[in-house]
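So the structure is just underneath, and the comments pick up after that.
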Amino acid sequence: MVTHQLTGTRRLEGKVAVVTGAGSGATGVGTGQAISTLFAREGANVLLVDRDAARAADTLRQIESEGGVASVFTADVTKSAECKAMAEAAVARYGGLHVLVNNVGILGKGTVVTVDEDEWDQVMTVNLKSMVLTSKHAVPVMAAAGGGSIINISSISALRSIGITGTVPYTVSKGGAMTLTTSMAVQHGRQGVRVNCIAPGFLYTPMVAGTMTPEWREARRNASPLGTEGTAWDVAWACVYLASDEARWVTGAVLPVDGGTLCTTALSAFHDMR
Ligand code: NAP
């Protein structure tokens with residue numbers, strides 16, 4: 024299942040990376056799996072963090088089959104103690120922690136009128152509080168070693184509303200990820216810790232595959248000026264850049280990976296681009 028046409032060029036040689044939500048999707052390649060796979064191909068030692076050990080083991084098998092170095096760490100990143108153990112495991116297994124990708128995310132629906140309060144709390148906890156908790160334990164380790172790179176996975180839905188039926192918990196949590204990014208970039212810049220954010224557009228990944236009809240999938244593809252479908256690999260390549268020393272002067276940035284969707288209006292997407 025895991026494929027990609029480009030081969031690694033060792034851009035992350037010598038780095039230790041932690042990727043949350045690294046387990047594979049049941050029906051295709053998820054973003055966490057793609058990030059982990061490319062990181063390993065680029066020479067990083069990767070700690071594959073997921074609450075589902077079996078799924079993370081799928082990612083591990085793929086990486087090891089290619090000769091990469093990785094291991095599974097089972098954790099629920101909404102729990103501070105487990106995030107602490109995660110950072111400690113990176114150091115114990117590989118001697119450091121240079122890159123953290125906060126990839127875990129779940130969907131949440133509703134407008135402010137229809138939102139379920141428990142769902143709001145759960146989405147905020149999984150999507151946003153988890154970023155705070157993993158960073159809380161990763162930043163001191165990075166800072167002690169002279170710096171590192173943290174990448175928070177947000178969404179273009181934090182910048183443009185994606186539907187009138189509403190995904191308020193999701194979009195607000197992803198907006199929080201952007202604000203968290205700029206705050207952390209300022210507060211930890213002098214420690215050499217770069218913090219950036221990726222805003223994916225309408226990807227086709229296992230998280231959303233089960234929620235859409237073929238017609239809706241086609242509409243999402245047509246929503247971008249490029250008119251092509253985004254995949255987990257597109258986000259993963261952006262992560263490789265932000266994790267690498269090539270991005271040594273890039274911090275506090277929000278990078279859309281969306282085929283240009285943020286440049287469009289509803290009119291251009293639904294009429295002129297077909
Ligand atoms: P993914 O990386 O394939 O899967 C996320 C993984 O995180 C799953 O294995 C999930 O396990 C795991 N996870 C969930 N809660 C966890 C927790 N508390 N502790 C540890 N692991 C946990 O998902 P994806 O669809 O590709 O999305 C990745 C990121 O991109 C998300 O932040 C998402 O919001 C963002 N994004 C996606 C799209 C899109 O169109 N797909 C668009 C914009 C942004 P379970 O399966 O057990 O829940």
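219 is the number that the numbering used here gives to position 196 of the sequence shown; each next residue is one higher, with no gaps. Backbone N, C-alpha and C fix where the C-beta goes; we use that ideal spot for every residue, glycine too. Treat the numbers as computed from the prediction; the structure is a model and nothing was measured.
Quick check: what's the CA-CA separation for residue i versus residue j?
| i | j | result |
| --- | --- | --- |
| residue 44 | residue 100 | 9 Å |
| residue 144 | residue 103 | 17 Å |
| residue 285 | residue 57 | 23 Å |
| residue 117 | residue 67 | 10 Å |
| residue 166 | residue 140 | 37 Å |
| residue 125 | residue 220 | 9 Å |
| residue 46 | residue 256 | 15 Å |
| residue 158 | residue 215 | 14 Å |
| residue 184 | residue 115 | 43 Å |
Sort out for me which residues DSSP pairs residue i with in a bridge.
| i | result |
| --- | --- |
| residue 94 | 70 |
| residue 217 | 172 |
| residue 48 | 51 |
Which residues in the same chain as residue i place their Cβ atom closer than 8 Å to its Cβ, once the five residues preceding and following it in sequence are excluded?
| i | result |
| --- | --- |
| residue 233 | 50 |
| residue 254 | 52, 57, 226, 227, 228 |
Determine the DSSP secondary structure at residue i, reduced to helix, strand or coil.
| i | result |
| --- | --- |
| residue 55 | helix |
| residue 40 | strand |
| residue 172 | strand |
| residue 100 | coil |
| residue 248 | coil |
| residue 86 | helix |
| residue 273 | coil |
| residue 129 | coil |
| residue 181 | helix |
| residue 118 | coil |
| residue 198 | helix |
By Cβ distance, which residues of its chain are closer than 7 Å to residue i, with the 5 residues on each side in sequence left out?
| i | result |
| --- | --- |
| residue 189 | 132, 133, 134, 137 |
| residue 191 | 133, 134, 135, 138 |
| residue 229 | 48, 49, 50, 51, 53 |
| residue 129 | 146, 149, 150 |
| residue 249 | 282, 283 |
| residue 78 | 46, 47 |
Who are the near neighbours of residue i in its chain, counting only those whose CB is closer than 6 Å to its CB and skipping five residues on each side?
| i | result |
| --- | --- |
| residue 91 | 63 |
| residue 275 | 205, 208 |
| residue 177 | 197, 200, 201, 220, 222 |
* Is the stretch 78-88 close to the stretch 259-276, with three or more CB pairs under 8 Å? -> They do not touch, by the three-pair rule.
* Asked: Are three or more beta carbon pairs between the stretch 269-277 and the stretch 68-76 nearer than 8 Å?
  -> Touching, no.
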